[in-house]
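K.L.:
Here's a structure for you.
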Amino acid sequence: MDPRVEKLAEVMVNYSLELKKGDWVKIQGTVGAMPFIKAFYKKAVEVGANPFYTAVVDDLAEIFLKNASDEQLKFVSETQKYEAEHMDALMAVFGYENTKFLSNTDPKRQAMAQSARKPLFEKILERTSKGEMRWCGTGFPLLSAAQDAEMSLSEYEEFVYGAGALDLKDPVSHWKEVSRKQAEICEFLDTKSEFKIVGKDTELTFNAGGRKWINCDGKENFPDGEIFTGPIENSVNGKIHYSFPACYAGREVQNVALTFKDGKVVDFTADKNYDFLEEMLNMDEGAKYVGEIAIGTNYQIKQFTRNTLFDEKIGGTCHLAVGASLPESGGVNKSALHWDMVCDLREGGEIHGDGEIFYKDGKFLTHEW
């Protein structure tokens, strides 16, 4: 086994989730990620936690979405509800044998099934924001993701583990230093209210006064490297054009542009999978509002890979998520959707706060990075 898999498991148990004796921890992931799952499971047991594993099987999701009745699509089991209400920690492992396995499912049915699970999603967000549970999502390098990133598997492994600083002797020290730097930026941004993002075919304004900028330092995503806030829901105005394809639920929507008025999407365009974008934005009332605006700070991630876990962290980019707010930011938008879309600011991009430019060409002007 690659020794970095063991190191990743150790970081997840001891740093990201901080598992302790008695914690009831769910491990959720595909069989393809089993080397990591076994390593994590062993370390969780060693610290006295009580782990259990739920397999994610691509084929079963496809069968369900293509064959279930509307009643079945809306069904949520009591087991899922109990887990959301009682588990102490969730370890989600992203690693699909086929990343496009949902590409030919009906987006209306996807939206229906996802909407039915909105209460589960909201319960986990609520409990996490209150400190009642911890969760972390990480990626395991498989051939399908390497192909999406246009890399060999060995190249992709180097990319994944490099993004998490797992080649370092002490990756936790690295992430603690990232946390320190980002905390300074968040403290600075918390003093600002009116923001403007400028880029190619992009000019977007929003107000985050009274909201909180959150320091993402490897606790809920790994690898990490972003700072985000929840804008005041009716304050977003203007247009944003996404430099990279917007990837979600096995679909790739190309050349997306969203126009906002008083917080709501009032116009949208896309070159590919427009109908899917439309169905997702119509999922519920909150899906057309912004739940998150963020700045990527992981400068070890330089290229687009069609994997949002990594792409939204690219140093020099921003991303805007339509749908649910994350409560810890102060955002209150409710939706079953949370779709991060990435905009490259490395060539000519700017971000202003209260009329002051603090970010240009993908770099902070006010803080060393």
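Going by my numbering, the sequence shown opens with residue 4, and the numbers climb by one from there. Glycine residues also receive a C-beta, built at the ideal position from the N, C-alpha and C atoms.
Taking a contact to mean a Cβ-Cβ separation below 8 angstroms, would you say Gly-140 touches Asn-224 in this structure?
P.N.:
Within the sequence shown, residue 140 is the residue found at index 137, counting from 1. Within the sequence shown, residue 224 is the residue found at index 221, counting from 1. Yes, the Cβ-Cβ distance between Gly-140 and Asn-224 is below 8 angstroms.
K.L.:
Name, in chain order, the residues that DSSP records as bridge partners for Arg-254.
P.N.:
Counting from one through the sequence shown, the residue named residue 254 turns up at place 251. Paired residues: Tyr-251.
K.L.:
Let me make sure I understand the geometry here. Which of Cys-219, Tyr-159, Val-269 and Gly-25 has the alpha-carbon closest to that of Asp-91?
P.N.:
Mapped onto the sequence shown, residue 91 falls at position 88. With distances taken between Cα atoms, Asp-91 lies closest to Gly-25.
K.L.:
Please state whether DSSP places Leu-329 in a helix, a strand or coil.
P.N.:
Within the sequence shown, numbered from 1, the residue matching residue 329 stands at position 326. Note: Leu-329 maps to coil in three-state DSSP.
K.L.:
Ordered along the chain, which non-local residues of its own chain (more than five positions away) have a Cβ less than 6 angstroms from that of Ala-87?
P.N.:
Against the sequence shown, residue 87 aligns to sequence position 84. Here the set comprises Leu-123, Lys-126 and Ile-127.
K.L.:
Scan the stretch 74-156 and note each continuous beta strand (DSSP E) run of 3 residues or more that stays entirely inside, going in chain order.
P.N.:
92-97 and 137-142
K.L.:
How would you label Arg-254, buried or exposed, when you count the other beta carbons within 10 angstroms and need 16 or more for buried?
P.N.:
Locating residue 254 in the sequence shown gives position 251, where the first residue counts as 1. So Arg-254 ends up on the buried side.
K.L.:
Are at least three pairs of beta-carbons, each pair with one atom in the stretch 280-294 and one in the stretch 350-370, less than 8 angstroms apart?
P.N.:
With a cut-off of 8 angstroms, the stretch 350-370 and the stretch 280-294 do not count as touching, because too few Cβ pairs lie within range.
K.L.:
Measuring alpha carbon to alpha carbon, tell me which of Arg-120, Pro-110, Asp-109 and Thr-300 ends up nearest Lys-2.
P.N.:
Outside the displayed span of the chain (4 to 372) sits residue 2, for which this structure offers no information.
K.L.:
Tell me whether Asp-314 sits in a helix, a strand or coil according to DSSP, three-state version.
P.N.:
Along the sequence shown, read from residue 1 onward, the residue named residue 314 stands at position 311. In the structure shown, Asp-314 sits in a helix (DSSP, three-state: H, G or I).
K.L.:
Can you tell me which of Ile-66, Val-16 and Ser-106 puts its alpha carbon nearest to the alpha carbon of Lys-275?
P.N.:
Translated into the one-based positions of the sequence shown, residue 275 becomes position 272. Among Ile-66, Val-16 and Ser-106, the Cα nearest to that of Lys-275 is on Ser-106.
K.L.:
Does the stretch 133-152 come close enough to the stretch 19-38 that 3 or more CB-CB pairs lie under 8 angstroms?
P.N.:
yes
K.L.:
Since Leu-11 contacts Gly-167 with CB under 8 angstroms, what's their CB separation in whole angstroms?
P.N.:
For the purposes of this step, residue 11 is taken as the residue at position 8 of the sequence shown. For the purposes of this step, residue 167 is taken as the residue at position 164 of the sequence shown. Confirmed, about 7 angstroms.
K.L.:
Confirm, please, whether the CB-CB distance from Asp-343 to Thr-320 is below 8 angstroms.
P.N.:
Indexing the sequence shown from 1 puts residue 320 at position 317. Indexing the sequence shown from 1 puts residue 343 at position 340. In this structure, Asp-343 does not lie closer than 8 angstroms to Thr-320 by Cβ.
K.L.:
Counting Cβ pairs closer than 8 angstroms, one from the stretch 238-257 and one from the stretch 213-220, do we hit at least three?
P.N.:
no
K.L.:
How close, in whole Å, do the beta carbons of Val-345 and Ile-317 come, if the pair is a contact with beta carbons under 8 angstroms?
P.N.:
Translated into positions along the sequence shown, residue 345 becomes position 342. Translated into positions along the sequence shown, residue 317 becomes position 314. Contact flag correct, Cβ pair sits at about 7 angstroms.
K.L.:
Closest to Asn-310 by CA distance: which of Ala-58, Ala-148 and Ser-80 is it?
P.N.:
Locating residue 310 in the sequence shown gives position 307, where the first residue counts as 1. Of Ala-58, Ala-148 and Ser-80, the residue nearest in Cα terms is Ala-148.
K.L.:
Candidates Lys-267, Gly-266, Glu-288 and Leu-261: which alpha carbon is nearest Tyr-277's?
P.N.:
Taking the first residue of the sequence shown as 1, we reach residue 277 at position 274. Selected option, being the one with the closest Cα: Leu-261.
K.L.:
Who are the near neighbours of Val-34 in its chain, counting only those whose CB is closer than 7 angstroms to its CB and skipping five residues on each side?
P.N.:
The count along the sequence shown starts at 1 and reaches residue 34 at position 31. Only Ala-58 meet the Cβ criterion.
K.L.:
Can you have a look at Val-28 and say buried or exposed, based on whether 16 or more other CB atoms are within 10 angstroms of its CB?
P.N.:
Reading the sequence shown from its first residue, position 25 is the one you call residue 28. Its Cβ being crowded by 16 or more others within 10 Å, Val-28 is buried.
K.L.:
Can you tell me the Cα-Cα spacing of Phe-104 and Leu-368, whole angstroms?
P.N.:
Translated into positions along the sequence shown, residue 104 becomes position 101. Translated into positions along the sequence shown, residue 368 becomes position 365. Between Phe-104 and Leu-368, the C-alpha separation is close to 42 angstroms.
K.L.:
Between which two residues does the alpha helix (DSSP H) containing Phe-67 stretch?
P.N.:
Taking the first residue of the sequence shown as 1, we reach residue 67 at position 64. Its alpha helix (DSSP H) spans residues 61-70.
K.L.:
At the level of alpha carbons, what is the spacing between Ala-152 and Ala-290?
P.N.:
Here residue 152 refers to the residue found at position 149 of the sequence shown. Here residue 290 refers to the residue found at position 287 of the sequence shown. Distance between Ala-152 and Ala-290, taken at the CA atoms: about 28 angstroms.
K.L.:
Report the partner residues of Leu-323 according to the DSSP bridge assignment.
P.N.:
Residue mapping note: residue 323 aligns to position 320 of the sequence shown, counting from 1. Answer is Ile-296 and Met-344, bridged to Leu-323.
K.L.:
When you compare only the Cα positions, how much space is there between Gln-75 and Thr-205?
P.N.:
For this step, residue 75 is matched to residue 72 along the sequence shown. For this step, residue 205 is matched to residue 202 along the sequence shown. Just so you know, the alpha carbons of Gln-75 and Thr-205 end up roughly 41 angstroms apart.
K.L.:
Starting from the Cα of Leu-169, find the closest Cα among Pro-226, Lys-84 and Asp-265 and give me that residue.
P.N.:
To locate residue 169, count along the sequence shown from 1; it is residue 166. Closest by alpha carbon: Pro-226.
K.L.:
Apply the 10 Å Cβ neighbour rule to Tyr-85 and answer buried if 16 or more other Cβ atoms are within range, or exposed otherwise.
P.N.:
Taking the sequence shown and counting its residues from 1, one reaches residue 85 at position 82. Looking at its Cβ environment, which holds fewer than 16 other Cβ atoms inside 10 Å, Tyr-85 is exposed.
K.L.:
Please work out which residues of its chain come closer than 8 angstroms, Cβ to Cβ, to Val-268, disregarding the five sequence neighbours upstream and downstream, and give them in chain order.
P.N.:
Here residue 268 corresponds to residue number 265 of the sequence shown, with the count starting at 1. If we look at Val-268 and ignore the five residues flanking it on each side, its Cβ neighbours are Leu-261, Thr-262, Leu-284, Lys-291, Tyr-292 and Val-325.
K.L.:
Phe-361 lies in the beta strand (DSSP E); which residues open and close that run?
P.N.:
For this step, residue 361 is matched to residue 358 along the sequence shown. From DSSP, the beta strand (DSSP E) with Phe-361 extends over 359-363.
K.L.:
Taking just the CA atoms, how far does Glu-315 sit from Phe-307?
P.N.:
Within the sequence shown, numbered from 1, the residue matching residue 307 stands at position 304. Within the sequence shown, numbered from 1, the residue matching residue 315 stands at position 312. Between Phe-307 and Glu-315, the C-alpha separation is close to 9 angstroms.
K.L.:
Contact defined as beta carbons within less than 8 angstroms: I believe Ser-238 pairs with Gly-294. What is the distance between those atoms, to the nearest angstrom?
P.N.:
Along the sequence shown, one-based indexing puts residue 238 at 235. Along the sequence shown, one-based indexing puts residue 294 at 291. Contact doesn't hold; Cβ gap of about 13 angstroms is too wide.
K.L.:
Measuring straight from C-alpha to C-alpha, what distance separates Ala-64 and Val-163?
P.N.:
The residue you call residue 64 lines up with position 61 of the sequence shown. The residue you call residue 163 lines up with position 160 of the sequence shown. Near 26 angstroms, if we compare the C-alpha coordinates of Val-163 and Ala-64.
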